[in-house]
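Residue numbers (the working numbering): 251 to 355.
Step one of this worksheet: look at the structure below.
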């Protein structure tokens, strides 16, 4: 499941960087992860009243929080994929459960 999801993020990311002339080197994956964590933090600060709403409604701010969470997940999976990290094995070691495989669609 995680590998297939990472592959889907890779396809989307590769298309995005190709369309925008961005080169992804080893540092890019970690730097993007950090950037997305910052954006998630900003969204969280807005939702919790610690940041300026900038004219966003509560519903828009919740959607921003969800979107930034998705970005962070995507970049985490891209980082793991680019570094040949077996996330399923790491989850089993650290969290003591095996991630369930989803049925193929």
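All residues carry an ideal CB built from backbone N, CA and C; glycine is no exception.
In this text, all values refer to a predicted model and were calculated from it rather than measured experimentally.
Between residue i and residue j, is the Cβ-Cβ spacing less than 9 Å?
{"i": "residue 326", "j": "residue 283", "result": "yes"}
{"i": "residue 328", "j": "residue 256", "result": "yes"}
Distance check for residue j and residue i, CA to CA, integer angstroms please.
{"i": "residue 305", "j": "residue 311", "result": "10 Å"}
{"i": "residue 350", "j": "residue 324", "result": "19 Å"}
{"i": "residue 251", "j": "residue 319", "result": "18 Å"}
{"i": "residue 288", "j": "residue 338", "result": "26 Å"}
{"i": "residue 258", "j": "residue 300", "result": "34 Å"}
{"i": "residue 308", "j": "residue 317", "result": "14 Å"}
{"i": "residue 343", "j": "residue 275", "result": "28 Å"}
{"i": "residue 303", "j": "residue 278", "result": "30 Å"}
{"i": "residue 341", "j": "residue 253", "result": "13 Å"}
{"i": "residue 260", "j": "residue 297", "result": "29 Å"}
Please classify residue i: is it buried, with 16 or more other beta-carbons within 10 angstroms of its beta-carbon, or exposed?
{"i": "residue 347", "result": "exposed"}
{"i": "residue 286", "result": "buried"}
Using only alpha-carbon positions, find the residue among the options that is nearest to residue i.
{"i": "residue 293", "options": "273, 267 and 321", "result": "321"}
{"i": "residue 264", "options": "302, 315, 341 and 332", "result": "332"}
{"i": "residue 295", "options": "266, 315 and 281", "result": "315"}
Determine the DSSP secondary structure at residue i, reduced to helix, strand or coil.
{"i": "residue 296", "result": "helix"}
{"i": "residue 284", "result": "helix"}
{"i": "residue 351", "result": "coil"}
{"i": "residue 344", "result": "helix"}
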